[in-house]
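Undergrad: For reference, the structure I am asking about is given below.
Number of protein chains: 2
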Amino acid sequence: MEDLKKTIRSFTDVSDTDMEFGLQFFKMKTFKKGTFLLKPGQYIDDFYFMKTGCVSYYTIEGGVTRVMEFFNEGYFFTDLYAYIQEIPSECYIEAIEDSTVYTISKADQLKVFDYSHQLERFGRLSMQRTFVINFQRINQLRNLSNQERYLQLLEKRPTLFQRVPQYLIASYLGLTPVGLSKIRKRLSQK
Amino acid sequence: MEDLKKTIRSFTDVSDTDMEFGLQFFKMKTFKKGTFLLKPGQYIDDFYFMKTGCVSYYTIEGGVTRVMEFFNEGYFFTDLYAYIQEIPSECYIEAIEDSTVYTISKADQLKVFDYSHQLERFGRLSMQRTFVINFQRINQLRNLSNQERYLQLLEKRPTLFQRVPQYLIASYLGLTPVGLSKIRKRLSQK
DNA sequence: GATTCTTATTAAACCAGTTTAATAAATACT
DNA sequence: AGTATTTATTAAACTGGTTTAATAAGAATC
Numbered sequence: 000m001e002d003l004k005k006t007i008r009s010f011t012d013v014s015d016t017d018m019e020f021g022l023q024f025f026k027m028k029t030f031k032k033g034t035f036l037l038k039p040g041q042y043i044d045d046f047y048f049m050k051t052g053c054v055s056y057y058t059i060e061g062g063v064t065r066v067m068e069f070f071n072e073g074y075f076f077t078d079l080y081a082y083i084q085e086i087p088s089e090c091y092i093e094a095i096e097d098s099t100v101y102t103i104s105k106a107d108q109l110k111v112f113d114y115s116h117q118l119e120r121f122g123r124l125s126m127q128r129t130f131v132i133n134f135q136r137i138n139q140l141r142n143l144s145n146q147e148r149y150l151q152l153l154e155k156r157p158t159l160f161q162r163v164p165q166y167l168i169a170s171y172l173g174l175t176p177v178g179l180s181k182i183r184k185r186l187s188q189k
Numbered sequence: 000m001e002d003l004k005k006t007i008r009s010f011t012d013v014s015d016t017d018m019e020f021g022l023q024f025f026k027m028k029t030f031k032k033g034t035f036l037l038k039p040g041q042y043i044d045d046f047y048f049m050k051t052g053c054v055s056y057y058t059i060e061g062g063v064t065r066v067m068e069f070f071n072e073g074y075f076f077t078d079l080y081a082y083i084q085e086i087p088s089e090c091y092i093e094a095i096e097d098s099t100v101y102t103i104s105k106a107d108q109l110k111v112f113d114y115s116h117q118l119e120r121f122g123r124l125s126m127q128r129t130f131v132i133n134f135q136r137i138n139q140l141r142n143l144s145n146q147e148r149y150l151q152l153l154e155k156r157p158t159l160f161q162r163v164p165q166y167l168i169a170s171y172l173g174l175t176p177v178g179l180s181k182i183r184k185r186l187s188q189k
């Protein structure tokens, strides 16, 4: 669990005692490509850390799939919206590659936060990080054209384009496959 | 500061001792309509609670004003993005009505969190709340048409339409004033 | 109360996406 | 390898916005 430990300590100092206390609650799980970590209607009680692999976090509404995020190595993830509010999820989390994760239940996480002020701070800071990412996402959606968002994704997460089919990338960008294809054509003509 | 105290306790239990310790650091400030709490290039070291009034949180890029949020009574606010990362802001926070706020510096807030595990938890939970709001915002931007977003705003924050000129509402919705006008016309014709 | 400034609407031309459908290319399956 | 399925591209018609500019209505100022 060295990778997890390292990631936690990239947020804030955590003593060995507190870290050991925290890590004991994490369990390792594996998911084959095409299996689901979460489906609509289910409650999600787990918080995940992606060790290896990739999941797609998406909704289907009226037959339309909308990818909200791809989580790969080093990401913390869950359906945070349903998790926080303890309401049934409206989302899918699907392994789009064979994936290995560490997971901790909400009750155990609360135990950890009660025990350790340092780890509660980690919790606050990781929420902040999530905030920053979401904030950038909102600004991207509001201020950039679809073409600009495509180029930005290409720059920031180039490996995604090898791992993920283009129609899912299109969905992530809020486009139809046709729309993305047009953008790519337009760009290649320059 | 009863309103502030009440709002904090709506998140989590806080003992009188801890609350008293925390509240001593808040200062009351007033801003006349048209004055700025923040301008681009400035660092923001303050966290605000809106007692009465309303501010607009926006950017100007290439002459284009983009309203990100309106904060009125009962909202906690700051330029959280610049605040968290301790980088110069790229945003304006402008009082669009005479406003009264409570404010606490980042250093003081950290003192409070160090002193009180309960208030650190309030910090984490209020970050979570912010997350939920941002998440809904992203989903709105991705999944709803402009018309639907207009109707939803009309429903959720009707008072805004009395307080805020339409061209700022348009900006908040990511539209031009012309675009919003067209939507309103389309709707009124039904 | 008349003038000026700001805000909201309308019209016309335009554009970046959509939908639908056909086709081509790549991948998986037996 | 040959067939079936999935994924990506292209074309054509359409749509909901944009920009620019003119006009109308409302609010502030002298």
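These protein sequences, in sequence, are chains A and F.
Residue 54 in numbering that gives the first Met the number 0 sits at position 55 of the first sequence; the count goes up by one each step and never skips.
Residue 46 in numbering that gives the first Met the number 0 sits at position 47 of the second sequence; the count goes up by one each step and never skips.
For glycine and all other residues, C-beta sits at the position ideal for the given N, C-alpha and C.
Whose C-alpha, out of A169(F), R162(F) and I132(F), is nearest the C-alpha of L150(F)?
TA: Comparing Cα-Cα distances from L150(F) to each of A169(F), R162(F) and I132(F), the minimum goes to A169(F).
Undergrad: Express the C-alpha separation of P176(A) and F25(F) in angstroms, rounding to a whole number.
TA: Cα to Cα, the separation comes out at about 52 Å.
Undergrad: Give me whichever residues DSSP pairs with Y47(F) in a beta bridge.
TA: In the DSSP output, where bridge partners are listed per residue, Y47(F) has F76(F) and T102(F).
Undergrad: For chain A, check one thing: does any of its Cβ atoms lie closer than 9 Å to the Cβ of G173(F)?
TA: Taking Cβ atoms only, chain A reaches closer than 9 Å to G173(F), which makes this a yes.
Undergrad: Run through DSSP, which three-state label would V131(F) get?
TA: Here V131(F) sits in helix by DSSP.
Undergrad: Residues bridged to N71(A) by DSSP?
TA: Answer by DSSP bridge pairing, in chain order: C53(A).
Undergrad: In chain order, what residues of the same chain have a beta carbon less than 6 Å from the beta carbon of T29(A), not counting five sequence neighbours either side?
TA: So the qualifying residues of the chain are T99.
Undergrad: Using 9 Å as the limit for Cβ to Cβ distance, is F130(A) near chain F?
TA: By this cut-off, F130(A) is an interface position.
Undergrad: Over the uninterrupted alpha helix (DSSP H) stretch that includes F35(F), give me the two end residues.
TA: Segment F35 to L37 is the beta strand (DSSP E) holding F35(F); no alpha helix (DSSP H) there.
Undergrad: Taking all protein chains shown into account, decide if V66(F) is buried (16 or more other Cβ within 10 angstroms of its Cβ) or exposed.
TA: It is buried - the Cβ of V66(F) has at least 16 other Cβ atoms within 10 Å.
Undergrad: CB D2(A) to CB G73(A), shorter than 9 Å?
TA: In this structure, G73(A) lies closer than 9 Å to D2(A) by Cβ.
Undergrad: When you compare the CB positions of S88(F) and A81(F), do they come within less than 9 Å of one another, or not?
TA: Cβ atoms of S88(F) and A81(F): closer than 9 Å.
Undergrad: Can you tell me whether T64(F) is buried or exposed, with buried defined as 16 or more other CB within 10 angstroms of its CB?
TA: With fewer than 16 Cβ atoms within 10 Å of its Cβ, T64(F) is classed as exposed.
Undergrad: For chain F, find out if any of its Cβ atoms is closer than 9 Å to the Cβ of F69(A); answer yes or no.
TA: No, its Cβ sits nowhere closer than 9 Å to a Cβ of chain F.
Undergrad: Based on the DSSP output, what are the partners of M27(F) in its beta bridges?
TA: Its beta-bridge partners are Y101(F).
Undergrad: Please identify the residue among F48(A), P164(A), L36(A) and S9(A) whose C-alpha is closest to the C-alpha of N71(A).
TA: Of the candidates F48(A), P164(A), L36(A) and S9(A), the one whose C-alpha sits nearest the C-alpha of N71(A) is F48(A).
Undergrad: Quick one: Cα of L36(A) to Cα of Y91(A), how far?
TA: Using only the alpha carbons, I get a separation of about 8 Å.
Undergrad: Between which two residues does the beta strand (DSSP E) carrying E93(A) extend?
TA: Unbroken beta strand (DSSP E) run through E93(A): Y91 to A94.
Undergrad: Ignore the nearest five residues each way along the sequence and tell me which others in D102(F)'s own chain have a CB closer than 6 Å to its CB.
TA: Per the sequence shown, the amino acid found at residue 102(F) is Thr instead of Asp. Hits under 6 Å: K26, K28, D45 and Y47.
Undergrad: At the level of alpha carbons, what is the spacing between Q139(F) and T6(A)?
TA: So the alpha carbons of these two residues sit roughly 31 Å apart.
Undergrad: CB-CB under 7 Å to S104(A), same chain, minus the five flanking residues each way: which ones, in chain order?
TA: The residues are D44 and D45.
Undergrad: Please go through the same chain and pick out, in chain order, the residues whose beta-carbon is closer than 7 Å to the beta-carbon of T51(F), but skip the five residues on each side of it.
TA: If we look at T51(F) and ignore the five residues flanking it on each side, its Cβ neighbours are E72, S98 and T99.
Undergrad: Determine the contact status of V163(F) and F69(F), defining contact as a CB-CB distance below 9 Å.
TA: In contact: V163(F) and F69(F) (Cβ atoms closer than 9 Å).
Undergrad: Report all residues from its chain with a CB closer than 8 Å to the CB of I182(A); omit the five preceding and five following residues, and keep chain order.
TA: For I182(A), where only same-chain residues beyond five positions count, the Cβ hits under 8 Å are N145, Q146, Y149 and L174.
Undergrad: Using a Cβ-Cβ cutoff of 7 Å, what residues of the segment 112-123 of chain F are near chain A? List them in chain order.
TA: Going along the segment 112-123 of chain F in chain order, one finds H116, E119, R120, G122 and R123 with a Cβ nearer than 7 Å to chain A.
Undergrad: For a contact defined as C-beta to C-beta under 8 Å, what are the partners of L140(A) on chain F?
TA: Neighbours of L140(A) on chain F, chain order: I137, L140 and R141.
Undergrad: Tell me the DSSP secondary structure of R185(A) in three-state form.
TA: Reduced to three states, the DSSP call for R185(A) is helix.
Undergrad: Of all Cβ atoms in chain F, is any one closer than 9 Å to the Cβ of E60(A)?
TA: Output row for E60(A): interface = yes.
Undergrad: Which stretch, first to last residue, makes up the alpha helix (DSSP H) that contains I86(A)?
TA: Premise fails: I86(A) is in no alpha helix (DSSP H) and is neither H nor E.
Undergrad: Between S55(F) and the rest of its own chain, which residues show a CB-CB distance below 7 Å, the 5 nearest in sequence each way excluded?
TA: Closer than 7 Å at Cβ, skipping near neighbours: V66, F69, E93, I95 and L167.
Undergrad: When the Cα atoms are used, what is the spatial distance from T129(F) to Q188(A)?
TA: Distance between the alpha carbons of T129(F) and Q188(A) is about 42 Å.
Undergrad: Keeping to the same chain, check which residues put their C-beta closer than 8 Å to that of L124(F); ignore five residues upstream and five downstream.
TA: Around L124(F): F10 and T11.
Undergrad: For Q84(A) and R120(F), I'd like the C-alpha separation in whole angstroms.
TA: Distance between the alpha carbons of Q84(A) and R120(F): 16 Å.
Undergrad: Using a Cβ-Cβ distance under 9 Å, would I103(F) count as near chain A?
TA: False, the Cβ-Cβ gap to chain A never drops below 9 Å.
Undergrad: Do L143(A) and Q165(A) have their C-beta atoms within less than 9 Å of each other?
TA: Cβ atoms of L143(A) and Q165(A): not closer than 9 Å.
Undergrad: Looking only at DSSP bridge pairs, what is V66(F) linked to?
TA: According to DSSP, V66(F) bridges with Y57(F).
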